[in-house]
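All remarks here apply to the structure that follows.
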Amino acid sequence: MTSTELTTDAPVFIPAPVSPYQGDIARYWDQEARPVNLRLGDVDGLYHHHYGIGDVDHAALGDTLDSEYEKKLIAELHRLESAQAEVLLDHLGSIGRDDMLVDAGCGRGGSSVMAHQRFGCKVEGVTLSAKQAEFGNRRAHELGIEDHVHAQVCNMLATPFETGQAAGSWNNESSMYVDLDDLFAEHSRILRVGGRYVTITGCWNPRYGQPSKWVSQINAHFECNIHSRREYLKSMADNRLVPQTIIDLTAATLPYWELRATSSLVTGIEEAFINSYKDGSFQYLLIAADRV
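This note's numbering runs 146 ahead of the 1-based position in the sequence shown.
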């Protein structure tokens with residue numbers, strides 16, 4: 147099943163955006179159809195909207211002159227993106243089959259599917275994009291897991307879930323679209339006491355002084371507002387989320403970006419990521435925090 151076949155005529159309720167900016171972001175992701183997301187997802191049906199980590203398997207890539215090299219490169223980029231999601235799931239802790247997880251900013255649902263495959267539990271995804279929710283739900287139906295994996299259009303700052311309902315929740319590269327105090331207040335509300343929140347995100351480094359020109363380019367490219375590392379930790383503390391693990395993944399993500407920059411799938415933002423990671427102005431972090 148390829149990405150172009152994932153369509154449905156089922157009606158989708160689309161709540162009105164609560165701000166003009168939310169409307170802009172919904173339109174941005176409704177219209178997004180970059181090959182770097184879709185062609186990688188076509189490898190095995192897991193459609194991600196995040197970046198990769200880990201060492202490149204050059205043996206798997208083979209000779210750059212091989213007629214199959216580009217296909218192998220796409221598969222390798224996808225492997226690194228799935229490896230990133232596995233690391234996020236590793237930090238959710240002990241999750242039972244009867245638990246519920248929340249994927250805030252779920253994209254086309256790749257991480258939600260992986261979470262269900264690992265834990266056997268229910269996963270609820272939220273996104274501002276009706277197109278993404280439709281895509282993700284169609285994919286869950288094709289996999290026969292629609293009773294366990296579901297995406298809906300809603301504001302991640304005001305979700306329909308009950309207080310204390312979730313055993314775990316996460317943002318995988320989606321927290322730069324919202325105010326962190328509002329975001330962590332909502333995660334704190336829906337998580338049960340002792341529940342685990344995990345984020346993997348790019349953030350600007352306060353030690354650099356201010357966001358660099360590269361960070362500004364990334365903001366403009368994705369119409370987002372990258373926060374600082376300091377802001378993440380302060381907002382978590384203010385909302386009863388106590389970090390248990392902080393991992394700097396910057397060095398681990400550089401091989402992904404350097405490989406992606408050599409592919410036919412470049413989007414023009416690769417240089418900004420590579421340079422900002424190398425000059426120390428931008429960091430790629432995992433933060434796992436417990437609700438207390």
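Heads up, the beta-carbon is just placed ideally off N, CA and C, and yes, glycines get one too.
All values derive from a computational prediction rather than experimental measurement.
CB-CB length for residue i against residue j, believed under 8 Å
i    : j    : result
A435 : P389 : 5 Å
N351 : F428 : 7 Å
K217 : L207 : Not a contact, Cβ separation roughly 10 Å.
V189 : A221 : 5 Å
M382 : T347 : So it is not a contact: roughly 12 Å between Cβ atoms.
D176 : S275 : 5 Å
Pick from the options that is closest to residue i, judged by C-alpha positions
i    : options                : result
H196 : W316, F330, D245, D325 : W316
D249 : P181, M260, E417, F368 : M260
T345 : V339, R406, P306, L329 : L329
V412 : R180, W175, G355       : R180
Q230 : Y430, V438, R437       : Y430
E377 : S410, Q356, F368       : Q356
W403 : W175, D209, E227, G340 : E227
R386 : R437, G169, W360, S362 : R437
A313 : R342, E292, S320       : R342
Local Cβ density within 10 Å of residue i, reported as buried at 16 or more and exposed below that
i    : result
D201 : exposed
E151 : Below a pLDDT of 50, predicted positions are generally treated as unreliable, and E151, at 40, falls in that range; the measurement from the model is reported next regardless. The residue in question, E151, is exposed, as its Cβ has fewer than 16 Cβ neighbours within 10 Å.
R243 : exposed
D245 : buried
G256 : buried
T408 : exposed
E308 : exposed
G426 : exposed
K277 : buried
A205 : exposed
T399 : buried
G290 : exposed
G446 : Lying before the first or after the last residue shown, residue 446 is absent from the chain, which here runs from 147 to 438.
R353 : exposed
H367 : exposed
Y193 : buried
Host alpha helix (DSSP H) of residue i (start-end)
i    : result
V361 : 359-368
Q177 : 166-177
L379 : 375-384
I420 : 416-425
Continuous beta strand (DSSP E) stretch holding residue i: start and end
i    : result
A434 : 428-437
L395 : Here L395 belongs to no beta strand (DSSP E), and DSSP marks it neither H nor E.
Considering only residues of the region 237-298, which uninterrupted alpha helix (DSSP H) runs meet the minimum length of 4 residues and lie entirely inside it, listed in chain order? 256-265, 276-288
Alpha helix (DSSP H) segments (min. 4 residues) lying fully within the region 183-217: 204-207
Could you tell me which whole alpha helix (DSSP H) segments of length 4 or greater appear in the region 296-345? 326-336
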